[in-house]
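One structure is given below, encoded as structure tokens.
Protein chains: 4
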Amino acid sequence: MRLALGMIGGGEGAFIGAVHRMAARLDDRWSLVAGAFSGDPDRSRAFGRSLGLVEDRCYGDWRAMALEEAARSDRIDAVAIVTPNHLHHGPARAFLEAGIAVICDKPLTTGLADALDLAAVAERTATPFVLTHNYSGYPMARQMRAMVAGGEIGTVRIVQAEYAQDWLARPLPGNKQADWRGDPGRAGPGGALGDIATHAYHLATFVVGAPADQISAETSRFVQGRLLDDDVQVRLRWASGARGQLWASQVAVGATNGLRLRVYGETGGLEWFQEEPDLLRYTPIGEPTRLLRRGGPGLTPAAHAATRIPAGHPEGYLEGFAQIYADAADLIAAHRSGSAPPVSTRNLPGMAAGLEGVRFIEAAVRSAAEDGRWTALNEDPL
Amino acid sequence: MRLALGMIGGGEGAFIGAVHRMAARLDDRWSLVAGAFSGDPDRSRAFGRSLGLVEDRCYGDWRAMALEEAARSDRIDAVAIVTPNHLHHGPARAFLEAGIAVICDKPLTTGLADALDLAAVAERTATPFVLTHNYSGYPMARQMRAMVAGGEIGTVRIVQAEYAQDWLARPLPGNKQADWRGDPGRAGPGGALGDIATHAYHLATFVVGAPADQISAETSRFVQGRLLDDDVQVRLRWASGARGQLWASQVAVGATNGLRLRVYGETGGLEWFQEEPDLLRYTPIGEPTRLLRRGGPGLTPAAHAATRIPAGHPEGYLEGFAQIYADAADLIAAHRSGSAPPVSTRNLPGMAAGLEGVRFIEAAVRSAAEDGRWTALNEDPL
Amino acid sequence: MRLALGMIGGGEGAFIGAVHRMAARLDDRWSLVAGAFSGDPDRSRAFGRSLGLVEDRCYGDWRAMALEEAARSDRIDAVAIVTPNHLHHGPARAFLEAGIAVICDKPLTTGLADALDLAAVAERTATPFVLTHNYSGYPMARQMRAMVAGGEIGTVRIVQAEYAQDWLARPLPGNKQADWRGDPGRAGPGGALGDIATHAYHLATFVVGAPADQISAETSRFVQGRLLDDDVQVRLRWASGARGQLWASQVAVGATNGLRLRVYGETGGLEWFQEEPDLLRYTPIGEPTRLLRRGGPGLTPAAHAATRIPAGHPEGYLEGFAQIYADAADLIAAHRSGSAPPVSTRNLPGMAAGLEGVRFIEAAVRSAAEDGRWTALNEDPL
Amino acid sequence: MRLALGMIGGGEGAFIGAVHRMAARLDDRWSLVAGAFSGDPDRSRAFGRSLGLVEDRCYGDWRAMALEEAARSDRIDAVAIVTPNHLHHGPARAFLEAGIAVICDKPLTTGLADALDLAAVAERTATPFVLTHNYSGYPMARQMRAMVAGGEIGTVRIVQAEYAQDWLARPLPGNKQADWRGDPGRAGPGGALGDIATHAYHLATFVVGAPADQISAETSRFVQGRLLDDDVQVRLRWASGARGQLWASQVAVGATNGLRLRVYGETGGLEWFQEEPDLLRYTPIGEPTRLLRRGGPGLTPAAHAATRIPAGHPEGYLEGFAQIYADAADLIAAHRSGSAPPVSTRNLPGMAAGLEGVRFIEAAVRSAAEDGRWTALNEDPL
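Protein chains in written order, with the numbering used here: chain A, 990 to 1371; chain B, 990 to 1371; chain C, 990 to 1371; chain D, 990 to 1371.
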């Protein structure tokens, strides 16, 4: 009954690979059975063995894994791709071509051409594709989305999104996580842009229910020697008339993982902060603010469906991430059985979110290069 | 490399059983392979099958399971006992006698005689025993303990512990969780006392580093028809001269799972709230308060050892619970191999904590019956 | 149109005298016109001059001031007594006898005999008497009281009151404020008890709407050489069946002026913290918590009447204190004109609150001396 | 020893006039002795009488007041101008010409020409001029400024300023405060821009220690029929290389008076929120966040000088406003006596801040009209 999961990347010392594995385990919907965990075949196999995988599914590289898994009768149901950004496109394409569902870390790719290519392959092969914009797995993120969709704050007017960290406020020589994120060859054209601003942008559009239409961006590199932005300010215009600000920074000393979203509509306002994920402040116009709590009264079915334990027993980052895996299991199981996936899977970020994210990064880079020119998100230079 | 886990209780609709299973899975140290999940043999087996257990390890009752597992060469490494309180002693005794380690929910037993009996069996059989006072698995709880032990707040003067909930503020006819907790035959002599005050008491003594010496208690039953206390106020005296207050309530409307501990010493103070578990407020005398964060600067090795993901990526209740399982795995694996367990396992609550908890409940009941008489915690009536 | 105020005490370096003067000025209802500010006649007069008082109303001592003011046609409308506790009774008696209204700092007196004497004099002379339990002047304290009286949380079950400070966590040799508070001859029998626990007790009874019936107390002196308690734990029983805990400490390192009140009833709960005085958390049973804000929606007339500026523009300690002076002006002006005082003056703490406070202190001292014996608050030893 | 204050505007029903009067009273440095409180001479005089002013200083209009006060030997030391924006220039000019110091509400004027004119008059007459950017009177605002100036966070990189309210989220027909603020003839070219964004801009520059160099703005009118902006987003560039975002909104449902400033430098970060004005979060890079409290340890002399009561006894909006008046008293008294004003008066916003504010408004309006073009703040179109 558990689905079989493979993994590309996420070996020794990787941060996000371990997170994916914990997230996949938590709800007992997945068994990790195969993987190519490192660019070094020996390390890859050794790491797989250390996870308890059977020998012949500890692969030396992702190409071999795609070929061999595709050929097995007990092949994996999905592959999780948790490599640096430049190594998303290749594996994703290979597994999609093999008809194996993909759960891919964000951003989708390092460039729009690759992204469009993946989108075409996914469509042609009709294979499920999930992008781990994990913050949308938080129950209260889904609560916001459902409240906005349900008209509880009226027409959205203002969106304030921010994602502030400080771990890159100083140079971090020798730090593996910092290295690839600061290298345009591996990270793509965005630094903080690709790493965290895309999360904030996705969350904002997830809650608003539509991508933005145009953006105007200012990017900075505050730490000397840095090749990619470490701070980015974006203004957003939605076609609906909503206006937004987005700030993402990795040099904001004192911030840790400060993803915050505030959405204000004609008749209500919502405020959420990722570091207190179980709480949502909701103000109906002219009334006192309500503290909505995960697991508590006043929640939508979407929020209840994404919750495991009672209010006051805090769920956190891993539970939000696990929700993506739980929903992905529903989606992929339904796909295999040919049945309709449950409605909750509509909250899953997929290829469309991936394309929007890459467009956001590229438009931000172009806008910043042109002194903040308003740039349409579908103004693809390709 | 994973240890094999069995479970007693925790079937359909149980709250804490599901929590134990998630906690056991999270760090990939355990595989659930056997269980007797219900008092009804058919239900028990059906539930085991629904979890994917092999047929012959879906047991109809715990007695059979103890016997049969004991006889297997691939027997479980530990059994998790997640039944109502009155069903802790029997299974725990049976598995200890079989030399199988026990991970038991709290409170240890419904009475001191049973508790002392279990303690004797555990000692005689030299079998590991872990009590899931899960809140002590939070990294910041361990941080507090390590700071107090390290003298960072000087001699402890004052302890303020509280645990406030509101889910029992109204009668809950037909609620399975409420039913057994309100039934002296299944819960034992304490209502809120056994269910939550013991957690607060354990946490306080865990951080202070010593059990209290005497207590004075006042208990109330606010909801009509209730047979056990739903609110309890306790004063505590430590032999060291420290003084404490403990309040536990299940009728405090607006509280969800408000376990809070504040400890003040001669040269510093600590404040922690379970609903924001990653934060600890630390004030060195005469200096500004510091916000210590899980995963952030200023932490002890004990806190770092209990953390999975970086600061700002909230860990929660399940991660704290999982820490108990991770440490239990270390303890039990070391026991099996005859090696010394890692130092982190000294943070694990075990039989001593269980005895202290039962003594606390019984002394509180006696004190309350005598108008708050100061009652020694070792003044056993047996 | 402004009332004329005199002051006893509050000279150079005094804390609370300056507070009273700011509070009296804020709403422009009072002019300070006379005073005896110090036990040293020269200092007293010099200080009066420094405040701009006319020469002949800068008195050398309070006895002279009472006599001379009583004889003036433009005599003061009220006298503020802001001396250490042992110097409340004498001046209060003298001015009451002169028919001059008294605004007195708390606790009323250092002993019950003096308190009863004052009560008798006030009654005989029918002269207004106000006790500056200033925290009851906060709009949200009045909001709580009005909500409880209006049944919005149902029958009160549990009261949790606390008042934690840390400024006495170390000996403070030579500190004028600490000196008299630690001297039984000037402070009376209570240390933290008289200084802050009485505030917490008053606030609790102000909100509940009734004094407690019995208390059980434990007092501690943590700092070596201290003659009076610096930490006190009290349990409270109301005749209505409500139960409470009160903790007051002046050695809780990290606390500043942590007066907190939580009141839980059958159908709702209230939580308020003096350091964020504009906010009140209100939870109707089974619904999300509401954040009520001073000046915002959902407030009672009593709260609106005590507010000056819009929500979000924080009012603080001085504004709460000023409210006592504003209401006292209403009360005293009505008394002078023989008209009925406005309903808001019913919120003013007066002689009854003063007696209850002294009874609370004395009962706590007795109870603590007898190991926490439950002691009736009207069990006067006189 | 008190200085004599006159007032222009602030009659019946005015919000800010009453605030100025409370602020002026609090520290006992001022006596209100004269005023022209309304455009209607009879109302003006009646209101003056209701405040207890002597008959011949209750003026029918500000022109008469300027002439007559200038002619008196006991003329006022300063005039407070608390009229709608379009009525700042005329009175300010008249009193400056009379050599009477001016304490003027913000923004300075409704256009740059008037602002430059006032600046010239103030310079020619060498008369003190204070602009009530009251939020810079908060002790913790001054703490931030002193810390930045003292290098405690290193070179400033990022400034995040915001000021969110919701009182204009709906049309407010007949609301006097809303009416003039929404009328370009009285408010000038900015709605939220002039009313609150200027406060946020001033606070940011006050803390950074320099005005911005260029801005790029987007303004919105969300409420139908509104003639002026009710939401504004601004990006800021400082010549130093610092980058900032500023958001001001009067339609953010759930916000009350949410002025927030966050400043991040190379070696530290600061976060402050006006609704909790006594707290400042300070993070030295690589260390735990400190909670600095007004009146507590770790503060600069500038913060101590602006504080009245101990930590934990909250000061609020009126105290911050009062600080402007207290400092203005120092400045004006020094001016009269020909002595050097105390160093604390350097924190007072004056004519330079007024000019910067008007330039900010005008540049924002121009930038917004040109789709967010980066606009220099000294790019005056005059």
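Heads up, the beta-carbon is just placed ideally off N, CA and C, and yes, glycines get one too.
- Contact check for A1158 of chain A against V1197 of chain A fails: the beta carbons are separated by 8 Å or more.
- Interface flag for P1338 of chain C against chain A is unset, since no Cβ pair is found closer than 8 Å.
- Uninterrupted beta strand (DSSP E) stretches at least 3 residues long and entirely within the stretch 1017-1070 of chain B occur at 1019-1025, 1067-1070, given in chain order.
- Closer than 8 Å at the C-beta level to chain C, one finds these residues of the stretch 1010-1034 of chain D: R1010, M1011, R1014, L1015, D1016, D1017.
- In this structure, the CA atom of I1065 of chain C is about 35 Å from the CA atom of E1057 of chain D.
- For the pair F1118 of chain B and G1339 of chain B, the CB atoms are nearer than the 8 Å cut-off.
- Beta-bridge annotation (DSSP): L1259 of chain C is paired with C:V1252, C:Y1271.
- For a Cβ distance threshold of 9 Å, residue set E1276, P1277, T1278, R1279, L1280 of chain C lies close to R1279 of chain A, ordered along the chain.
- In this model, S1027 of chain A and E1001 of chain A are separated by some 8 Å (Cα to Cα).
- Residue-level contact by beta carbon holds for G1285 of chain C and chain A, with a gap shorter than 8 Å.
- A distance below 6 Å between beta-carbons, with the five flanking residues on each side excluded, links Y1127 of chain B to the following residues of its chain, in chain order: P1266, G1309.
- Contact between Q1149 of chain B and G1233 of chain B holds, since their C-beta atoms are separated by about 7 Å, short of 8 Å.
- The beta-carbon of H1302 of chain B is placed less than 8 Å from the nearest beta-carbon of chain A.
- Cβ neighbours of L1280 of chain A within its own chain (closer than 7 Å, five residues either side excluded): L1268, R1270.
- An exposed status is given to P1162 of chain D, since fewer than 16 other beta-carbon atoms sit within 10 Å of its beta-carbon.
- Using a CB distance cut-off of 8 Å, R1159 of chain C counts as an interface residue toward chain B.
- The alpha-carbon of A1067 of chain B is positioned some 5 Å away from that of V1091 of chain B.
- Counting along the chain, the unbroken beta strand (DSSP E) around L1280 of chain B starts and ends at 1278-1282.
- Straight-line spacing of the CA atoms in R1170 of chain D and G1247 of chain D works out to 18 Å.
- Ranked by how close their Cα comes to the Cα of S1125 of chain D, the residues D:A1291, D:L1105, D:L992 have D:A1291 in first place.
- Scanning chain A for C-beta atoms nearer than 7 Å to the C-beta of I1065 of chain B yields nothing, as the closest lies near 18 Å away.
- Apart from the 5 residues on each side of it in sequence, A1199 of chain D sits with its Cβ closer than 8 Å to the Cβ of W1227, A1228, S1229 in its chain, given in chain order.
- Look at S1209 of chain D: its C-beta is under 8 Å from a C-beta on chain A.
- Boundaries of the alpha helix (DSSP H) harbouring W1169 of chain B: 1165-1170, taken from the DSSP string.
- Using beta-carbon distances, A1241 of chain C counts as an interface residue toward chain B, with a partner under 8 Å.
- Interface with chain D (8 Å Cβ-Cβ cutoff): I1147 of chain A is included.
- Restricting attention to B:A1357, B:R1325, B:G1140, the CA atom closest to the CA of I1089 of chain B is found in B:R1325.
- Cα atoms of T1272 of chain D and R1282 of chain D: separation of roughly 14 Å, rounded to the nearest angstrom.
- At a Cβ-Cβ threshold of 8 Å, V1354 of chain B and L1097 of chain B do not count as neighbours.
- Close CB contacts of G999 of chain B within its chain, under the 6 Å cut and outside five residues either way in sequence, are with G1006, F1026, V1071 (chain order).
- Listed along chain D is no residue with a C-beta nearer than 7 Å to that of T1296 of chain C; the closest approach is about 12 Å.
- Residues of the same chain with a CB within less than 6 Å of the CB of V1221 of chain C, apart from the 5 flanking positions on each side, are A1181, L1182, A1186, T1208, A1237 in chain order.
- Closest option to I1350 of chain D, judged by alpha-carbon separation, among D:T1099, D:G995, D:A1059, D:D1360: D:T1099.
- S1205, E1207, S1209, F1211, D1220, Q1222, R1224: these are the residues of the stretch 1201-1229 of chain B whose beta carbon lies less than 7 Å from some beta carbon of chain C, given in chain order.
- Bridge partners of R1226 of chain C according to DSSP: C:Q1203, C:R1232.
- Taking the C-beta atoms as reference points, T1289 of chain B is found no nearer than 8 Å to I1274 of chain B.
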